[in-house]
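Colleague:
Protein chains: 2
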Amino acid sequence: MEEIKKALVTGGAGFLGSHLCKRLLADGYEVTALDNLFTGTKENIYELLDDKRFSFVLHDVTQPFWGQFDEIYNLACPASPIHYQKNPVETTKSSMLGTMNMLELALKTKARMIHTSTSEIYGDPLVHPQIEEYWGNVNTIGLRSCYDEGKRVAETLCADYRRQYGVDVRMVRIFNTYGPKMHPKDGRVISNFIMQALANRDITLFGNGSQTRSFQYCDDLIEAIRRYMDLSEKKIASFFGGKEIDGRVTPAVPVINTGNPGEYTIKQLAEEILRQLPESKSKIVYRPLPSDDPKRRKPDITLAKALLGWEPKVPLAEGIAKTIEYFRSRR
Amino acid sequence: MEEIKKALVTGGAGFLGSHLCKRLLADGYEVTALDNLFTGTKENIYELLDDKRFSFVLHDVTQPFWGQFDEIYNLACPASPIHYQKNPVETTKSSMLGTMNMLELALKTKARMIHTSTSEIYGDPLVHPQIEEYWGNVNTIGLRSCYDEGKRVAETLCADYRRQYGVDVRMVRIFNTYGPKMHPKDGRVISNFIMQALANRDITLFGNGSQTRSFQYCDDLIEAIRRYMDLSEKKIASFFGGKEIDGRVTPAVPVINTGNPGEYTIKQLAEEILRQLPESKSKIVYRPLPSDDPKRRKPDITLAKALLGWEPKVPLAEGIAKTIEYFRSRR
Chain D
6 MEEIKKALVT GGAGFLGSHL CKRLLADGYE VTALDNLFTG TKENIYELLD DKRFSFVLHD
66 VTQPFWGQFD EIYNLACPAS PIHYQKNPVE TTKSSMLGTM NMLELALKTK ARMIHTSTSE
126 IYGDPLVHPQ IEEYWGNVNT IGLRSCYDEG KRVAETLCAD YRRQYGVDVR MVRIFNTYGP
186 KMHPKDGRVI SNFIMQALAN RDITLFGNGS QTRSFQYCDD LIEAIRRYMD LSEKKIASFF
246 GGKEIDGRVT PAVPVINTGN PGEYTIKQLA EEILRQLPES KSKIVYRPLP SDDPKRRKPD
306 ITLAKALLGW EPKVPLAEGI AKTIEYFRSR R
Chain L
6 MEEIKKALVT GGAGFLGSHL CKRLLADGYE VTALDNLFTG TKENIYELLD DKRFSFVLHD
66 VTQPFWGQFD EIYNLACPAS PIHYQKNPVE TTKSSMLGTM NMLELALKTK ARMIHTSTSE
126 IYGDPLVHPQ IEEYWGNVNT IGLRSCYDEG KRVAETLCAD YRRQYGVDVR MVRIFNTYGP
186 KMHPKDGRVI SNFIMQALAN RDITLFGNGS QTRSFQYCDD LIEAIRRYMD LSEKKIASFF
246 GGKEIDGRVT PAVPVINTGN PGEYTIKQLA EEILRQLPES KSKIVYRPLP SDDPKRRKPD
306 ITLAKALLGW EPKVPLAEGI AKTIEYFRSR R
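For the record, the sequence lines run as chains D and L. Numbering-wise, the first sequence is residues 6 to 336 according to my numbering. Numbering-wise, the second sequence is residues 6 to 336 according to my numbering.
Below, the structure written as structure tokens:
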């Protein structure tokens, strides 16, 4: 009989964490989800609780956690400005201490680890689209710094635990991702628009709506993460560390972008949502562009494609349909 | 009788920490120096140990420390590449955990705190000279990241403990500083050149020696730090937070550069050292420029001048003379 693999998912009751737990159970794993339920919710994992291979542990990753796992997926951190700015100090701690605690666990137990970083480490980028070698443009002392700098130093810790202690840790920088189980009030454009359309409230576009965004459907991300974890350390070593891949020189340590490079204007997004909700009485209205309008980010996914044989598959219309269905079911 | 003020200096047995302790004792303080003696040495504080107002505590700032102080000076962190790359993980921890522990102490005891940051948070800067509003250009996963990113997230923690909890913390970004008690083997250009000249070994210049550096004498820095600590919170509040000062808009939270904006070529530095050591048999020799030659950095000190009525006073020749005297006395 084959031994059942054990996986730990921090932030396991969050938007992406709950999708990952579900996928790991489907892949035959025993899964332990850690969450402090600050932005994650028990509801996100209701459907998993009947599976005897699934455990939920209410735990804050800023505190050490010990257990024996084959794989650690480090996802814990509030990720939308509206949440991470509620308690900036704890946001930074959840990245820096949470990642440190998971790296210590991986080191002591020889687990393989994937750390989820973010396109926010590129800040307000001066390079488009963003490649992994770009160093970013981030303010150390601003209102978004708690997230951005916490995530940056988490990468540094991963790189150095790998170099100094040989921890088999791999990093993925996640670009804008959406789907069912997104927090309906996370303040992001997709959840905002769908919630407005479902409630027959006007859909507010800022500026003329011609600014573009990239949107990755959650299942595409989870697929990339699973493939990444399954790669042998030998394969990782042969790919990273300054190798030439498609005319690019790979980063010193394993780090890849994942995201959907397709670009849509905010107006196109609003129109697609209204097209799928013909019964909605919402109209598109225009408001002045605020000075801190999030900057354009678009992933270069050359490395992920080459390493994982992966690319995003779910078209925007399909992903939006599933997201609308989810929000509608919860009203 | 006036109550004696109590100061805590982390990294108190280091190069700058030991100078600061000496100055605080001269200013009438009771002083506690914390140090794990990783790069600091007991020898740096021999001259202070007979003063009954001075205490040395062997303590690693990555662990919490409790005590009652009026003022906290947070200096602990290996600061030269040769040291901070010996144990990159601990370097990052000493910044991120050390600063967090000191902020917690300041919060619980209502102490005022100065956090010493660094010009390294600007990384390989694209703006010259560096102003406080510049966000920097730093790699998250390189060999210098353990220092740079640890120091960056320490700033973020300071900014958020201030905004979220009202901790009276002020930051200073220190540019290249030299003087007696520098570690003779820290790999920096001033200590290298003086050690070579004293040992009659050739002085190695990389490239043609025309690259420039700025050098701040330690006493100038200590003067700036003391003045900064003495300012009332009211004065700080009236200066920072987007005020217009000399055509500049001040940062949201208190942060100032200190350094000496005077620029010297590496060749001028070598010549000055040889001029002061006419008995040395060393010759200047030229070697190819390594690819990772440290980048040019030069502080803009407009804000420090306006806030503190301060500017560096010690000319290079005088500072070099004192530094040579120190290295000679220890041979």
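Using N, Cα and C, we set each Cβ at its ideal position, and we do this for glycine too. Since the model is a prediction, treat every value here as computed from it, not as a measurement.
Return helix, strand or coil for ALA18(D), following the three-state DSSP convention.
Modeller: coil
Colleague: List the whole-angstrom C-beta distance separating ALA18(L) from ASN49(L), where the pair is believed to meet the contact cut-off of C-beta under 8 angstroms.
Modeller: With a beta-carbon spacing of about 5 angstroms, ALA18(L) and ASN49(L) fall inside the 8 angstroms limit used to define contacts.
Colleague: Taking 9 angstroms as the CB-CB limit, is GLY171(L) close to chain D?
Modeller: At a cut-off of 9 angstroms between beta-carbon atoms, GLY171(L) makes no contact with chain D.
Colleague: Identify whether SER219(L) lies in helix, strand or coil by the three-state DSSP scheme.
Modeller: strand
Colleague: Which residues of chain L have a Cβ atom closer than 7 angstroms to the Cβ of TYR166(D), listed in chain order?
Modeller: VAL94
Colleague: Between GLY17(L) and chain D, is any beta-carbon pair separated by less than 9 angstroms?
Modeller: no
Colleague: Where do the N-terminal and C-terminal ends of the beta strand (DSSP E) with ASN79(L) fall, by residue?
Modeller: Per DSSP, ASN79(L) belongs to the beta strand (DSSP E) from 76–79.
Colleague: Candidates ARG333(D), ALA116(D), ARG178(D): which alpha carbon is nearest LYS156(D)'s?
Modeller: ARG178(D)
Colleague: So the alpha helix (DSSP H) SER100(D) belongs to, where does it begin and stop?
Modeller: 93–114
Colleague: Are there 16 or more other CB atoms within 10 angstroms of the CB of TYR127(D), so buried, or fewer, so exposed?
Modeller: buried
Colleague: Under 8 angstroms Cβ-Cβ, which residues of chain D neighbour CYS82(L)?
Modeller: Under the 8 angstroms cutoff, chain D gives no residues; its nearest Cβ is about 13 angstroms from CYS82(L).
Colleague: For ALA12(D) and ILE119(D), I'd like the C-alpha separation in whole angstroms.
Modeller: 11 angstroms
Colleague: Based on the DSSP output, what are the partners of GLU160(L) in its beta bridges?
Modeller: In the DSSP assignment, GLU160(L) forms no beta bridge with any residue.
Colleague: Report yes if the C-beta distance between GLN68(L) and CYS151(L) is below 9 angstroms; otherwise report no.
Modeller: no
Colleague: Apply the 10 Å Cβ neighbour rule to ARG167(L) and answer buried if 16 or more other Cβ atoms are within range, or exposed otherwise.
Modeller: buried
Colleague: Whose Cβ in chain D lies nearer than 7 angstroms to the Cβ of ASN41(L)?
Modeller: What ASN41(L) touches in chain D, judged by beta-carbon distance under 7 angstroms, is nothing: the nearest beta carbon there is about 18 angstroms away.
Colleague: Can you name the residues of chain L whose CB is closer than 7 angstroms to the CB of PRO256(D)?
Modeller: ILE146
Colleague: Alpha carbon to alpha carbon, how far is PRO130(D) from ASN142(D)? Give it in angstroms, no decimals.
Modeller: Answer to the nearest angstrom: the Cα atoms are 6 angstroms apart.
Colleague: Tell me whether ILE199(D) sits in a helix, a strand or coil according to DSSP, three-state version.
Modeller: DSSP places ILE199(D) in helix when its eight states are reduced to three.
Colleague: Could you tell me the boundaries of the alpha helix (DSSP H) in which SER243(D) lies?
Modeller: 238–244
Colleague: Between VAL14(L) and TYR78(L), how many whole angstroms is the CB-CB distance? I'm expecting something under 8 angstroms.
Modeller: 5 angstroms
Colleague: Below 8 angstroms on the Cβ atoms is my guess for SER124(L) versus PRO304(L); work out the distance and round it to an integer in Å.
Modeller: About 7 angstroms; that satisfies the 8 angstroms criterion.
Colleague: How do the stretch 276–285 of chain D and the stretch 92–108 of chain D stand: do at least 3 beta-carbon pairs fall below 8 angstroms, yes or no?
Modeller: no
Colleague: Going by the DSSP bridge assignment, what does THR209(D) pair with across the sheet?
Modeller: The partner list for THR209(D) (beta bridge, DSSP) reads VAL290(D).
Colleague: Nearest-angstrom Cα distance between TYR222(L) and LYS27(L)?
Modeller: Between TYR222(L) and LYS27(L), the C-alpha separation is close to 16 angstroms.
Colleague: Can at least three beta-carbon pairs, one atom from the stretch 57–68 of chain L and one from the stretch 224–242 of chain L, be found at a separation below 8 angstroms?
Modeller: no
Colleague: Return the first residue and the last residue of the alpha helix (DSSP H) that TYR331(L) is part of.
Modeller: 321–334
Colleague: Exposed or buried, what is HIS133(L) when buried is set at 16 or more other beta-carbons lying within 10 Å of its beta-carbon?
Modeller: Residue burial annotation: HIS133(L) is exposed, with fewer than 16 other C-beta atoms found within 10 angstroms of its C-beta.
Colleague: Answer with buried or exposed for SER122(L), where buried requires no fewer than 16 other C-beta atoms within 10 angstroms of its C-beta.
Modeller: Buried is the call here.
Colleague: Just checking my contact of ILE325(L) with PRO266(L) at CB under 8 angstroms: how many whole Å lie between their CB atoms?
Modeller: Contact flag wrong, Cβ pair sits at about 18 angstroms.
Colleague: Report all residues from its chain with a CB closer than 8 angstroms to the CB of GLN201(L); omit the five preceding and five following residues, and keep chain order.
Modeller: ASP207, ILE208, THR209, SER287
Colleague: At which residues does the beta strand (DSSP E) containing LEU63(D) begin and terminate?
Modeller: 59–63
Colleague: Give the DSSP bridge partners of HIS188(L), in chain order.
Modeller: Answer is none; HIS188(L) lacks a bridge partner.
Colleague: Closer than 8 angstroms by C-beta to GLU109(D): which residues in its own chain qualify, once you throw out the five before and the five after it? Chain order, please.
Modeller: The beta carbon of GLU109(D) lies closer than 8 angstroms to those of PRO69 in the same chain, with the five residues before and after it left out.
Colleague: Pick from ILE289(D), LEU308(D), GLU238(D), ARG193(D): whose alpha carbon is nearest that of LYS115(D)?
Modeller: GLU238(D)
Colleague: ASN181(D) and GLY264(D): beta carbons closer than 9 angstroms?
Modeller: It is a contact, given that the beta carbons lie within the stated cut-off.
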